[in-house]
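Trainee:
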Amino acid sequence: MGRTLAEKVWDQHVVRQGEGDEPDLLYIDLHLIHEVTSPQAFDGLRLHGRGLRRPDLTIATEDHNVPTLDILKPIADEVSATQVATLRRNVEEFGVRLFPMGDANQGIVHMIGPELGLTQPGTTVVCGDSHTSTHGAFGALAFGIGTSEVEHVMATQTLPLKPFRTMAIEIDGELRPGVTSKDVILKVISQIGTGGGAGYVLEYRGEAVRAMSMEARMTMCNMSIEAGGRAGMVAPDETTFAYLKGRPHAPQGAEWDAAVEAWRELRTDDDAEFDAVVHIDADALTPFVTWGTNPGQGLPLGESVPDPATMDDDEAAATRKALAYMDLEPGTKLRDVAVDVVFLGSCTNARIEDFRAAADVLRGHRIADSVQMLVVPGSMAVKAQAEEEGLDQVFRDAGAEWRNAGCSMCLGMNPDQLAPGQRCASTSNRNFEGRQGKGGRTHLVSPLVAAATAVRGTLSSPEDLSPTVLTTA
Amino acid sequence: MEKFTTHTGIGTPLRVSNVDTDQIIPAVYLKRVTRTGFDDGLFASWRNDPSFVLNQEPYDRGSVLVAGSDFGTGSSREHAVWALMDYGFRVVISSRFGEIFKGNSSKAGLLAATVEQSDVELLWKKIESRPGLELTVDLTARTVTAEDLVVPFTVDDYTRWRLLEGLDDIGLTLRHEADIDAYEKARPSHKPTTV
Numbered sequence: 050m051g052r053t054l055a056e057k058v059w060d061q062h063v064v065r066q067g068e069g070d071e072p073d074l075l076y077i078d079l080h081l082i083h084e085v086t087s088p089q090a091f092d093g094l095r096l097h098g099r100g101l102r103r104p105d106l107t108i109a110t111e112d113h114n115v116p117t118l119d120i121l122k123p124i125a126d127e128v129s130a131t132q133v134a135t136l137r138r139n140v141e142e143f144g145v146r147l148f149p150m151g152d153a154n155q156g157i158v159h160m161i162g163p164e165l166g167l168t169q170p171g172t173t174v175v176c177g178d179s180h181t182s183t184h185g186a187f188g189a190l191a192f193g194i195g196t197s198e199v200e201h202v203m204a205t206q207t208l209p210l211k212p213f214r215t216m217a218i219e220i221d222g223e224l225r226p227g228v229t230s231k232d233v234i235l236k237v238i239s240q241i242g243t244g245g246g247a248g249y250v251l252e253y254r255g256e257a258v259r260a261m262s263m264e265a266r267m268t269m270c271n272m273s274i275e276a277g278g279r280a281g282m283v284a285p286d287e288t289t290f291a292y293l294k295g296r297p298h299a300p301q302g303a304e305w306d307a308a309v310e311a312w313r314e315l316r317t318d319d320d321a322e323f324d325a326v327v328h329i330d331a332d333a334l335t336p337f338v339t340w341g342t343n344p345g346q347g348l349p350l351g352e353s354v355p356d357p358a359t360m361d362d363d364e365a366a367a368t369r370k371a372l373a374y375m376d377l378e379p380g381t382k383l384r385d386v387a388v389d390v391v392f393l394g395s396c397t398n399a400r401i402e403d404f405r406a407a408a409d410v411l412r413g414h415r416i417a418d419s420v421q422m423l424v425v426p427g428s429m430a431v432k433a434q435a436e437e438e439g440l441d442q443v444f445r446d447a448g449a450e451w452r453n454a455g456c457s458m459c460l461g462m463n464p465d466q467l468a469p470g471q472r473c474a475s476t477s478n479r480n481f482e483g484r485q486g487k488g489g490r491t492h493l494v495s496p497l498v499a500a501a502t503a504v505r506g507t508l509s510s511p512e513d514l515s516p517t518v519l520t521t522a
Numbered sequence: 032m033e034k035f036t037t038h039t040g041i042g043t044p045l046r047v048s049n050v051d052t053d054q055i056i057p058a059v060y061l062k063r064v065t066r067t068g069f070d071d072g073l074f075a076s077w078r079n080d081p082s083f084v085l086n087q088e089p090y091d092r093g094s095v096l097v098a099g100s101d102f103g104t105g106s107s108r109e110h111a112v113w114a115l116m117d118y119g120f121r122v123v124i125s126s127r128f129g130e131i132f133k134g135n136s137s138k139a140g141l142l143a144a145t146v147e148q149s150d151v152e153l154l155w156k157k158i159e160s161r162p163g164l165e166l167t168v169d170l171t172a173r174t175v176t177a178e179d180l181v182v183p184f185t186v187d188d189y190t191r192w193r194l195l196e197g198l199d200d201i202g203l204t205l206r207h208e209a210d211i212d213a214y215e216k217a218r219p220s221h222k223p224t225t226v
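Top line first, the protein sequences correspond to chains Y and B. Following this note's numbering from start to finish, the first sequence increments by one per residue and tops out at 522. Following this note's numbering from start to finish, the second sequence increments by one per residue and tops out at 226.
(1) Using 8 angstroms for Cβ pairs, my map puts Met-272/Y next to Asn-478/Y. What's the rounded Cβ distance?
(2) By alpha-carbon positions, which one of Gln-87/B, Ser-106/B, Lys-34/B and Ser-100/B ends up nearest to Asn-480/Y?
(3) If you measure from the beta carbon of Val-237/Y to each beta carbon in chain B, is any gap under 7 angstroms?
(4) Using only the alpha-carbon positions, how far apart do Thr-196/Y and Ile-82/Y sit?
(5) Using alpha carbons as the reference points, say which of Glu-287/Y, Gln-240/Y and Asn-114/Y lies closest to Met-261/Y.
(6) Go ahead and pull the three-state DSSP assignment for Gly-185/Y.
(7) Going by Cα to Cα distance, which pick from Leu-393/Y, Ser-509/Y and Arg-415/Y is closest to Thr-117/Y?
(8) Let me know the secondary structure DSSP gives Phe-192/Y once reduced to three states.
(9) Starting from the C-beta of Thr-491/Y, find all residues in its chain whose C-beta is less than 7 angstroms away, skip the five residues before and the five after it, and write them out in chain order.
(10) Work out the CA separation of Thr-207/Y and Leu-75/Y for me, nearest whole Å.
(11) Using a Cβ cut-off of 7 angstroms (strictly closer), state whether Thr-207/Y contacts chain B.
(12) For Asp-212/B and Arg-52/Y, I'd like the C-alpha separation in whole angstroms.
(13) Buried or exposed: which applies to Asn-79/B, given that a residue is buried once 16 or more other Cβ atoms fall within 10 Å of its Cβ?
(14) Among Leu-377/Y, Ala-367/Y and Ala-499/Y, which has the Cα closest to the Cα of Val-425/Y?
(15) Compute the Euclidean distance between the alpha carbons of Tyr-60/B and Tyr-118/B, then round it to the nearest angstrom.
(16) Taking only the alpha-carbon atoms, compute the straight-line gap between Ala-522/Y and His-159/Y and give it to the nearest angstrom.
(17) Would you kindly report the start and end of the unbroken beta strand (DSSP E) that includes Val-122/B?
(18) For the segment 452-464 of chain Y, enumerate the residues whose C-beta is nearer than 7 angstroms to any C-beta of chain B, in chain order.
(19) By how many angstroms is the C-alpha of Leu-106/Y removed from the C-alpha of Glu-378/Y?
(20) Under a CB-based cut-off of 7 angstroms, is Thr-43/Y close to chain B?
(21) Suppose the cutoff is 6 angstroms on Cβ atoms and the five residues either side in sequence are ignored; what does the same chain contact list for Ile-274/Y look like?
(22) Note down, in chain order, each residue of its chain lying with its Cβ closer than 8 angstroms to the Cβ of Leu-154/B, except the 5 sequence neighbours on either side.
(23) Could you work out which residue in Leu-467/Y, Asp-232/Y and Val-175/Y is closest to Ala-280/Y when comparing CA atoms only?
(24) Relative to chain B, which residues along the segment 476-495 of chain Y have a C-beta separation below 7 angstroms, given in chain order?
(25) Is Cys-456/Y helix, strand or coil when you go by DSSP?
(26) Quick one: does Ala-217/B have its CB under 7 angstroms from some CB of chain Y?
(27) State the DSSP-derived secondary structure class of Leu-54/Y, mapped to helix, strand or coil.
(28) Could you tell me the distance, in whole angstroms, from the CA atom of Thr-517/Y to the CA atom of Pro-511/Y?
(29) Taking just the CA atoms, how far does Gly-345/Y sit from Ala-331/Y?
(30) Applying the criterion that 16 or more other CB atoms from any shown protein chain within 10 Å of the CB defines a buried residue, is Pro-219/B buried or exposed?
(31) Rounded to a whole number of angstroms, what is the C-alpha to C-alpha distance between His-298/Y and Ser-100/B?
(32) Please report how far the alpha carbon of Thr-131/Y lies from the alpha carbon of Lys-138/B, in whole angstroms.
(33) So, at 8 angstroms on beta carbons, what are the nonlocal neighbours of Ala-284/Y in its own chain, with the 5 sequence-adjacent residues on each side left out?
(34) Does the Cβ of Glu-256/Y lie closer than 6 angstroms to at least one heavy atom of the ligand ATP?
(35) Could you check if Asp-47/Y is buried or exposed, using at least 16 other CB atoms within 10 Å of its CB as the buried criterion?
(36) Is there at least one Cβ from chain Y nearer than 7 angstroms to Tyr-189/B's Cβ?
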C-alpha cells in the first residue's frame, strides 16, 4: 500500500525502530531556539555534563520578549532582559548561531527558517513553540516540543516518538477574491474543533491549496495546532521550489538539482490511506472571524453571535462562559461588534504578502478615530521589504503604527498588550482569555478583515468599504 | 525523574473544558530562567476569583486535578506542567489532553491520566459530595479509586514504564548513540546547515 507524505518523511528519519512498546527514534534536521523555552534546557545540559550535539543544525533568535519600539535600547523589563541575556550567554557557550535584536535577520522564529531557506521539503523541524507547525507548508514534518524535549534534541539531535495518525484536509474548489487561507483554517478549526486533530498530522490538499502561495500555506499550517494537530503539511511543488531557490541556505548548483529530484517524491501516493478525511468547499467560503475564547468558536463574518439557548448543555455552558468573557450578546451581528485595537502581526500573518494585502485595503483610507492599529512585521527582512515597497507609508498615512519585528501582541510578553476590557481584531492565532493582555478580548481575523475593521471600527471585510478593493491572498 | 507507582491525595474538581496552557500559566509568568517557582502563575487570571476551586478549602490542598475535556491545549510551554507540579499536583485527569502537554507531563513526571468523560463526571460527583476525599491513582493497575468508585485510565505503555522506573529519556536515547552516528553518516549532502 502507498504511503502518505507524513509517513514518507517519518520513514526517512527513523534512526532506530522501537521494539515492542518503545517509540521510534527520529532524527531532527533543524532545531530552532528562542529565549523563552530554552534556558532550562541549557541548564539541563550543564547539569549532566552533556554537550549540544549539532550546533550546525541549530539556530537561535530573540522574538517573544522583544520590544517593537526602541529596539536598540536595553529592554526595560528586567525579567525579559534577563531572559534575552541568558540566551546570549548560552548560545555563546554552546556555539549556536543567534540573530539578536537589531540584526537584519532577526524575527519570529517561524519567519526566519523559511526566509533563510533553512526550512526545506522533507526535513524534520522542531522548536520549543507550538507554532512550529508553520514549517510544514514546505513539506517538512515540523512540530512544537516542550523544554525537556528541547534539551533532548540539543543532547542527541533525535526525539523518541510514536508515529502520528494522518488526516487529509481536502480543500476543493477555488477561493473567492477576498477569502484567504486564514479564513480556510478558521473554518477547519470550527468544523473539527480544537481537539479534532489530536494525534494527527494534518495534510492540506486539493485544488485550492495548490493555488496558494507559500505565505498562504504557512498561515494555514501555522494554525494546525489550534485544531489539536501535531503538525500540518503541504506537499512541495513548483511554488515551493520557486520560493526556496536562491535563498541563503538553499542548496546550490548540482546539490539543488539533487534536492529537487528528492523533493518531487514527497507526495502522498494515490493508493495511500489517511486515518481520517475532512472536506472543505472552498467556493462556499466567506471571511471568517471568531466570537469566543478558543479558535474553534468562529463563524462567517456575515452571521451573528450564537445563542446558547439553541445548544446542548455542555456546548451552551462553554458558550455562555465565552460570551460573558467577550462581553457579547447572543444575536448581535458580528459586523456590529466594535473594536478598540487592530493587530496586524504574528507568525500567522506578518509576512510580506499579508502586508501587501492589508495595505491594498488601507490605501486611500484613514483608520477610525476610535481604533489603534499596530502593524508588526514578523521579521526584520519583511520590515525592510515592506519599506522598500512603500507599504510602511501606506500604514502610517492611514494612521497605523509601524513597528519592529517580534511576537508582540500575539501573546503580550513584551509591552504590546491589551488593557483589561479592550477588544481587538487580531491576525494572530489564539483568542484565549487574557492571551493578548489580562482581560483583553480577541477576535481572530485575516489581514484583509483586520484592515477593513480598522477603517470602519467594527468587524468588517473589504467589501464593506467604498470604493471596493479586493485582493486574493 | 522521581519514580511514580501510586499516589493518594485530595481530588480537586475543575469543571471547565478546553483549559489551554495560557489559562494554566499566562505568558507573562514564563520569564523565569529557572525550572521551579512557577506556582504563583498557576491559573493566574482565575486565582483572584474567590469562587475559583483553588481558592476553596480543602480543594486548595489537592494533588489530583480532575479537569474537563481537552486539558492543556495550545502553547507548548512546559511551564504549564511545572506550575501544576510546583503547586503540588502529581496527577491530572481529563478525557482528552493537548498532545504537547501530555508529552511534557510524561517528561517532567506529572501523570496525565486519560479517563472516559462519563467517569470524569462520576469522579466530580463523588469528590463534590465529600470535599477533601482522597483519590488513589495506581499506575500499575491503571485505576483511580475514590471510596467505592474505581475507574480505569489509559496512559501509553512506554510512558507508564518510564514513569514507573523513573527513567531519564536522554539517558535512554544515548544508549543508541551508535545508531545516531550511523544515521548521520548516511544523511543526504543537500540537507541544510545553519553555519
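Virtual Cβ for every residue (Gly too), placed ideally from N, Cα, C.
Mentor: To lay it out plainly:
(1) For the purposes of this step, residue 272/Y is identified with residue 223 of the first sequence, where counting begins at 1. For the purposes of this step, residue 478/Y is identified with residue 429 of the first sequence, where counting begins at 1. Correct: roughly 5 angstroms between the Cβ atoms.
(2) For this step, residue 480/Y is matched to residue 431 along the first sequence. The candidate whose alpha carbon is nearest that of Asn-480/Y is Ser-106/B.
(3) Within the first sequence, numbered from 1, the residue matching residue 237/Y stands at position 188. No, its Cβ sits nowhere closer than 7 angstroms to a Cβ of chain B.
(4) Taking the first residue of the first sequence as 1, we reach residue 196/Y at position 147. Taking the first residue of the first sequence as 1, we reach residue 82/Y at position 33. For Thr-196/Y and Ile-82/Y, the distance between alpha carbons rounds to 10 angstroms.
(5) The residue labelled residue 261/Y in the question sits at position 212 within the first sequence. Per the Cα distances, Glu-287/Y.
(6) Indexing the first sequence from 1 puts residue 185/Y at position 136. DSSP places Gly-185/Y in helix when its eight states are reduced to three.
(7) If you number the first sequence from 1, residue 117/Y lands on position 68. For Thr-117/Y, the nearest C-alpha among the options comes from Leu-393/Y.
(8) One-based indexing of the first sequence puts residue 192/Y at position 143. Three-state DSSP puts Phe-192/Y in a strand.
(9) Locating residue 491/Y in the first sequence gives position 442, counting from the first residue. Contacts found: Cys-473, Ser-475, Asn-480, Arg-484 and Gln-485.
(10) Position 26 of the first sequence, counting from 1, holds the residue named residue 75/Y. Position 158 of the first sequence, counting from 1, holds the residue named residue 207/Y. About 5 angstroms.
(11) Working through the first sequence from its first residue, we reach residue 207/Y at position 158. At least one chain B Cβ lies under 7 angstroms of Thr-207/Y.
(12) Taking the first residue of the second sequence as position 1, residue 212/B is located at position 181. Taking the first residue of the first sequence as position 1, residue 52/Y is located at position 3. Cα to Cα, the separation comes out at about 27 angstroms.
(13) Here residue 79/B refers to the residue found at position 48 of the second sequence. By the 10 Å Cβ count, Asn-79/B comes out exposed.
(14) Translated into positions along the first sequence, residue 425/Y becomes position 376. Taking each of Leu-377/Y, Ala-367/Y and Ala-499/Y in turn and checking the Cα distance to Val-425/Y, the smallest one comes out for Ala-499/Y.
(15) As a working note, residue 60/B is residue 29 in the second sequence. As a working note, residue 118/B is residue 87 in the second sequence. Their backbone Cα atoms lie some 14 angstroms apart in a straight line.
(16) Position 473 of the first sequence holds residue 522/Y. Position 110 of the first sequence holds residue 159/Y. With a pLDDT of 48 at Ala-522/Y, under the threshold of 50, the predicted position of this residue should be treated as unreliable, and no value is reported.
(17) Residue mapping note: residue 122/B aligns to position 91 of the second sequence, counting from 1. Per DSSP, Val-122/B belongs to the beta strand (DSSP E) from 122-125.
(18) Close to chain B, meaning a Cβ-Cβ distance shorter than 7 angstroms, are the following residues of the segment 452-464 of chain Y: Leu-460, Gly-461 and Met-462.
(19) Walking along the first sequence from the start, residue 378/Y turns up at place 329. Walking along the first sequence from the start, residue 106/Y turns up at place 57. So the two alpha carbons sit approximately 51 angstroms from each other.
(20) There is no way to answer for residue 43/Y, as the model of chain Y reaches only from 50 to 522.
(21) Position 225 of the first sequence holds residue 274/Y. The answer, listed in chain order, is Ser-179 and Ser-182.
(22) Walking along the second sequence from the start, residue 154/B turns up at place 123. The answer, listed in chain order, is Gly-42, Pro-44, Val-97, Ile-124, Val-146, Leu-166, Val-175, Ala-177, Leu-180 and Val-182.
(23) The sequence position of residue 280/Y within the first sequence is 231, counting from 1. Nearest option by C-alpha distance: Val-175/Y.
(24) Result list: Arg-479, Phe-481, Glu-482, Gly-483, Arg-484 and Lys-487.
(25) Residue numbering aside, residue 456/Y sits at position 407 when the first sequence is read from its first letter. In this structure, Cys-456/Y counts as coil in the three-state DSSP scheme.
(26) Mapped onto the second sequence, residue 217/B falls at position 186. Using a Cβ-Cβ cut-off of 7 angstroms, Ala-217/B does not count as an interface residue toward chain Y, since no Cβ of chain Y sits closer than that to its own.
(27) As a working mapping, residue 54/Y is identified with position 5 in the first sequence. Looking at Leu-54/Y - three-state DSSP - the assignment turns out to be helix.
(28) Against the first sequence, residue 517/Y aligns to sequence position 468. Against the first sequence, residue 511/Y aligns to sequence position 462. Low confidence applies to Thr-517/Y: its pLDDT is 48, below 50, so where it sits in the model is not reliable enough to give any reading.
(29) In the first sequence, residue 331/Y corresponds to position 282, counting from 1. In the first sequence, residue 345/Y corresponds to position 296, counting from 1. For Ala-331/Y and Gly-345/Y, the distance between alpha carbons rounds to 18 angstroms.
(30) Taking the first residue of the second sequence as position 1, residue 219/B is located at position 188. Looking at its Cβ environment, which holds fewer than 16 other Cβ atoms inside 10 Å, Pro-219/B is exposed.
(31) In the first sequence, counting from the first residue as 1, residue 298/Y sits at position 249. In the second sequence, counting from the first residue as 1, residue 100/B sits at position 69. Taking the straight line joining both Cα atoms gives about 43 angstroms.
(32) Locating residue 131/Y in the first sequence gives position 82, counting from the first residue. Locating residue 138/B in the second sequence gives position 107, counting from the first residue. For Thr-131/Y and Lys-138/B, the distance between alpha carbons rounds to 26 angstroms.
(33) Along the first sequence, read from residue 1 onward, the residue named residue 284/Y stands at position 235. Taken in chain order, the residues that qualify are Leu-54, Gly-188, Glu-252, Arg-254, Leu-315, Arg-316 and Thr-317.
(34) No copy of the ligand ATP appears in this structure; indeed no ligand is present at all.
(35) Only positions 50 to 522 of chain Y appear in the structure, and residue 47/Y is not among them; the question remains open.
(36) Working through the second sequence from its first residue, we reach residue 189/B at position 158. Output row for Tyr-189/B: interface = yes.
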